[in-house]
Each structure stands twice: as C-alpha cells, then as structure tokens.
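Written out below as structure tokens is the structure these notes cover.
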DNA sequence: TGGTGTGGAGAACGATCATTCTCTATCGTA
DNA sequence: TACGATAGAGAATGATCGTTCTCCACACCA
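Chains as they are written, first to last, in the UniProt record's numbering: chain A, 1 to 190; chain B, 1 to 190.
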C-alpha cells in the first residue's frame with residue numbers, strides 16, 4: 001500500500017469514527033484497526049492525532065459544501081428558489097443513516113477550547129458557508145443581501161442542531177418555512 | 001463541611017470547568033481541587049463522573065431557563081414584544097466573559113453518542129425551551145403558534161452556535177431581525 | 001548470494017484518568 | 001479522658017491513550 005492510499009484510508013476511517021463517536025472517544029488504535037494501516041505508517045502520514053483530526057475536518061468541509069452546492073445548482077429553478085433548495089438538501093442530510101449533527105459544531109464543543117487548530121477549522125467552515133449563502137442572496141433583488149445571508153445561516157445552523165439533538169429530520173421544515181418568509185419579506189420591503 | 005455544601009461546591013466547580021474546557025478534558029482531580037471537596041466526599045455525593053455531569057447539566061438547564069424567563073418577563077412591554085426580548089437576552093449572554101456556546105449542544109456533541117443520560121439531558125433542555133417559546137407564541141394572535149415557536153427555536157439555536165464559533169455576540173442581531181420579520185408575517189397572513 | 005532498507009505487527013513507554021484504598025487526625029459522646 | 005465513627009490527604013490500582021521502539025519478513029540491488 002502506498003502513502004496516498006494509506007492517507008485516503010486513514011481519512012475515511014477517521015471521518016467514520018470521529019463523526020460517529022466523537023474525537024476523544026476514538027483512540028488512534030481504532031483508526032489503525034478500521035483503516036488497515038499500520039501505526040508506523042499512520043504516524044508517517046499524520047504526525048499527531050491533532051493533524052489527523054484537522055485533515056479530517058478540512059476534507060469534510062470541502063465535500064460537505066460541494067455536495068450542498070451541487071444539489072442547489074441542480075435543483076433550484078431560479079435564483080429566488082436557490083436559498084430554499086438549501087433546506088431541501090439539509091432535510092435529506094438530516095435523514096441520512098448515521099446523521100449526528102455538524103462535525104464542526106461537535107468538534108468545536110469538544111476541543112475548541114483546547115485546540116486552536118480545530119477551533120480555526122470550524123470557523124473556516126462556517127465562514128465558507130456564509131460566503132456561499134451570500135453568493136446566493138447577492139443574486140436576488142433585495143435591499144440587504146448580506147443580512148439576509150446571515151439570517152439564512154442562522155436558520156441552517158439552528159435546524160442542524162435541532163435535528164441532531166431531537167433525531168428528527170423534520171427540523172428542516174420550520175427552517176425552510178422561515179426562510180421562505182424572510183425571502184418574501186426581503187423582496188417587498190414594507 | 002456538610003454534604004449539602006459539598007454538593008453545591010462540586011456543582012459550581014463542575015459547571016465552571018466542564019463548560020469552559022469540555023467534559024473529557026477535565027479530570028475528577030481538577031473538580032476536587034477547584035471545589036475543595038475531598039475525593040472521598042466527591043464520590044459520596046456523585047458515585048460517578050457521569051452522574052456529576054448529568055447533575056451539572058440539569059442545574060444549568062434550570063438556571064439558564066429561569067434567567068431567560070425572568071428577563072423576558074421583566075423587559076417585554078407586550079406579548080408581541082416578548083419573543084424579541086428573548087434575543088436581547090441572548091445578546092447579553094453571548095457577550096458574557098467566558099461564553100462558550102450552549103452547554104447542552106457541546107456536551108451532546110462530545111458525549112451524546114456514548115452516554116444516553118447526557119444525550120437525554122440535552123433533549124430535555126431543548127424540549128423545555130421549545131415549550132417556553134410555545135408559551136410565548138400561544139399568547140399571540142397568529143395562525144400557527146407552534147410552528148412560529150419552532151422557527152424561533154431554530155433562530156435561537158443558530159444564533160448561539162454562530163456566536164460561540166465566531167466569538168461575536170452580534171450573531172444575535174440577524175436572529176432578532178429575522179424573528180421580527182417572522183412575527184410580523186405571522187400576524188398578517190397575506 | 002549478501003547487504004540494505006522499507007513496512008508491518010505489536011510490544012513498550014510514559015502519561016493521564018476514574019475510582020478505590022490506606023492511614024492518620026479529628027470530633028462527638030459517654 | 002477514652003472510644004468509635006467520620007473525614008481528609010493522597011497513594012494505589014487498573015485501564016486507556018498517544019506515541020515510539022523492537023523485531024522480523026520481504027523486496028530490491030550489487
């Protein structure tokens with residue numbers, strides 16, 4: 001097995017285990033066992049657990065945002081419809097087997113106070129998501145697209161937290177309805 | 001020192017340390033040192049770390065919700081204003097020194113998959129908050145107060161997560177503005 | 001064929017942690 | 001004052017974890 005394949009297998013195992021059970025609950029030996037990569041190779045690819053966690057978060061960030069953007073690009077019928085498609089994608093995500101909330105919120109709560117690198121990875125993810133939503137609202141004819149994007153971001157995060165803790169994917173519905181109301185109100189200022 | 005005082009000091013130390021640094025990052029010896037309660041007494045009051053964590057969460061739940069309800073009761077000028085007062089209280093909370101997000105979201109992400117009791121404490125907190133918000137929206141003349149309460153809950157959770165990760169208390173502002181828009185729209189169905 | 005380096009398996013190390021145990025001192029009571 | 005129970009300090013225990021080290025097998029090259 002070459003170093004590239006080992007890296008991929010390590011990140012796959014890390015994502016599965018860390019996301020499912022939390023970071024501190026998963027030892028490096030579990031990563032070794034689930035990836036089939038020896039400990040020596042593991043520490044060649046990632047010199048510490050923290051670097052492995054950071055790499056897991058950064059890869060997940062990219063994949064998560066690409067999946068969201070792809071869905072919105074493929075399913076939104078208009079620029080006005082795009083922000084609502086975000087919540088359809090969220091609902092599907094919430095309903096996935098093994099959904100356990102936002103990996104960045106979870107790892108931030110667990111290690112944000114201890115590890116600046118993990119805290120920063122979480123901030124980077126949220127910033128990128130905010131930029132994406134601003135891109136969607138900038139295409140609309142509304143007075144304050146940035147504030148609207150911040151409101152949508154608030155709904156996205158809130159729905160994710162509620163879906164995770166309640167275990168009910170329907171948490172996406174009030175969020176989508178709220179987003180629709182905000183969009184309509186932003187289009188027709190009093 | 002009697003058992004009651006020991007319990008109080010233990011819960012005080014637990015809340016300070018667990019909230020600030022996360023649960024798994026704080027050992028029982030730290031709780032002993034910061035509370036001034038001996039290990040023997042500690043384990044008489046709480047037979048395991050998990051029971052201490054659960055007690056910390058339940059006490060924090062009550063205090064947090066009472067503080068919110070007191071603020072809203074004291075500052076809301078009308079039933080229509082009450083939901084917005086929630087976000088003023090949130091903003092003040094976000095600006096507190098040592099604010100580090102919602103203790104229940106954090107502990108859920110850290111240990112929800114491992115400890116059913118901690119997961120349940122988080123659900124209980126969110127359910128109680130939802131009931132409180134439903135109480136506020138039930139007093140309004142709106143078509144669907146329960147859905148409105150769920151939307152407010154989504155905004156509350158989202159603002160809390162964003163404020164924690166960004167470190168910026170201003171996350172309360174777009175949430176409050178969104179709440180105002182939703183309230184106005186609920187009062188005047190098209 | 002012999003030497004060298006790489007990789008894997010897993011033992012070893014050192015630290016930390018939850019929990020329990022030991023020893024000693026203190027205190028209320030007769 | 002003498003005794004029995006209780007409490008505190010902190011050592012001990014047993015487990016886990018991140019990380020490193022040892023040992024051996026195998027492949028590549030002269």
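For each residue, glycine too, the CB sits at the ideal point set by N, CA and C.
So, is residue i buried or exposed, given that buried needs 16 or more other C-beta atoms within 10 angstroms?
i	result
residue 160 (chain A)	buried
residue 106 (chain B)	buried
residue 44 (chain A)	exposed
residue 126 (chain B)	buried
residue 17 (chain B)	buried
residue 174 (chain A)	buried
residue 143 (chain A)	exposed
residue 186 (chain A)	buried
residue 188 (chain B)	exposed
Between the C-alpha atoms of residue i and residue j, what's the straight-line distance to the nearest angstrom?
i	j	result
residue 153 (chain A)	residue 27 (chain A)	33 Å
residue 91 (chain A)	residue 169 (chain A)	6 Å
residue 97 (chain A)	residue 116 (chain A)	31 Å
residue 23 (chain B)	residue 110 (chain B)	8 Å
residue 71 (chain A)	residue 38 (chain B)	56 Å
residue 148 (chain B)	residue 182 (chain B)	8 Å
residue 36 (chain A)	residue 50 (chain A)	20 Å
residue 79 (chain B)	residue 139 (chain B)	6 Å
residue 192 (chain B)	residue 157 (chain A)	The question about residue 192 (chain B) has no answer here: the residues shown for chain B are numbered 1 through 190.
residue 55 (chain B)	residue 89 (chain B)	25 Å
residue 108 (chain B)	residue 9 (chain A)	28 Å
residue 11 (chain B)	residue 47 (chain A)	38 Å
residue 162 (chain A)	residue 150 (chain B)	10 Å
residue 30 (chain A)	residue 180 (chain B)	49 Å
residue 123 (chain A)	residue 64 (chain B)	26 Å
residue 177 (chain B)	residue 2 (chain A)	54 Å
residue 25 (chain A)	residue 101 (chain B)	21 Å
residue 66 (chain B)	residue 184 (chain B)	27 Å
residue 133 (chain A)	residue 7 (chain B)	47 Å
residue 73 (chain B)	residue 119 (chain A)	36 Å
residue 141 (chain A)	residue 62 (chain B)	44 Å
residue 69 (chain A)	residue 77 (chain A)	14 Å
residue 87 (chain A)	residue 167 (chain B)	25 Å
residue 19 (chain A)	residue 32 (chain A)	16 Å
residue 145 (chain A)	residue 75 (chain A)	21 Å
If you check the beta carbons only, do residue i and residue j fall under 8 Å apart?
i	j	result
residue 121 (chain B)	residue 52 (chain B)	no
residue 136 (chain A)	residue 155 (chain B)	no
residue 113 (chain B)	residue 21 (chain A)	yes
residue 5 (chain A)	residue 60 (chain A)	no
residue 94 (chain A)	residue 172 (chain A)	yes
residue 13 (chain B)	residue 34 (chain B)	yes
Which residues of the segment 128-158 of chain A have a Cβ closer than 8 Å to any Cβ of chain B? Give them in chain order.
147, 150, 151, 153, 154, 155, 156, 157, 158
Does the pairing of the segment 78-91 of chain A with the segment 128-144 of chain B give three or more beta-carbon distances under 8 Å?
no
Along the UniProt domain "HTH tetR-type" (4-64) of chain B, where does the CB come closer than 7 Å to a CB of chain A? Name the residues.
20, 21, 22, 24, 25
Contact set between the segment 106-119 of chain A and chain B, restricted to residues whose Cβ is under 9 Å from the partner:
106, 107, 108, 109, 110, 111, 112, 113, 114, 119
Tell me which residues of the segment 86-106 of chain B have at least one Cβ-Cβ distance to chain A shorter than 7 Å, keeping chain order.
100, 101, 105, 106
Would you list, in chain order, the members of the segment 161-172 of chain B that have their beta-carbon closer than 8 Å to a beta-carbon of chain A?
161, 162, 164, 165, 166, 171
Using a Cβ cut-off of 7 Å, which residues of the segment 179-190 of chain A contact any Cβ in chain B, in chain order?
181, 182, 185
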